[in-house]
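In full-length UniProt numbering, the protein residues as written are 1 to 106.
Accompanying notes for the structure given below.
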């Protein structure tokens, strides 16, 4: 993200409006941390390089970043990854027993 060189009156008004809305410095810390860690927003993915201070301060973008819409996808996929047997037919949890073994148990 490009370095902010000057806080214009417009930027000051935007910051003040967000401060009045959230009243917590941790929200801003979280916002800039998420932007820095995001491969997409930081430009590390090579797909987009439009993230700037003004883009982050736009209300709709700020909400999306805080909600995790731009978090790295690999991390999100690992959270929901199923560790059991996988079928090419569906993504339902597969049984872990053999049918013959099940019949023997009855």
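C-beta atoms are modelled at their ideal positions from N, C-alpha and C, and glycine is treated no differently.
Residue 53 lies in the alpha helix (DSSP H); which residues open and close that run? As a position in the chain shown, residue 53 is number 53, starting the count at 1. Element bounds for residue 53: 53-57.
Skipping 5 residues on each side, what residues in its chain have a beta carbon closer than 6 Å to that of residue 23? By 1-based counting over the chain shown, the position of residue 23 is 23. For residue 23, where only same-chain residues beyond five positions count, there are no Cβ hits under 6 Å.
Tell whether a beta-carbon distance below 8 Å holds between residue 180 and residue 105. There is no way to answer for residue 180, as the model of the chain reaches only from 1 to 106.
Bounding residues of the alpha helix (DSSP H) (the contiguous stretch that carries residue 107): The displayed coordinates of the chain run from 1 to 106. Any statement about residue 107 would go beyond what the structure contains.
Rounded straight-line distance, which links the Cα of residue 5 to that of residue 62: Sequence index remark: in the chain shown, residue 62 carries index 62 (1-based). Sequence index remark: in the chain shown, residue 5 carries index 5 (1-based). It is roughly 20 Å from the alpha-carbon of residue 62 to the alpha-carbon of residue 5.
Could you have a look at residue 94 and say whether DSSP puts it in helix, strand or coil? Residue mapping note: residue 94 aligns to position 94 of the chain shown, counting from 1. Looking at residue 94 - three-state DSSP - the assignment turns out to be coil, as it is neither helix nor strand.
CB of residue 51 within 8 Å of CB of residue 66, strictly: Position 51 of the chain shown, counting from 1, holds the residue named residue 51. Position 66 of the chain shown, counting from 1, holds the residue named residue 66. Residue 51 places its beta carbon 8 Å or farther from that of residue 66.
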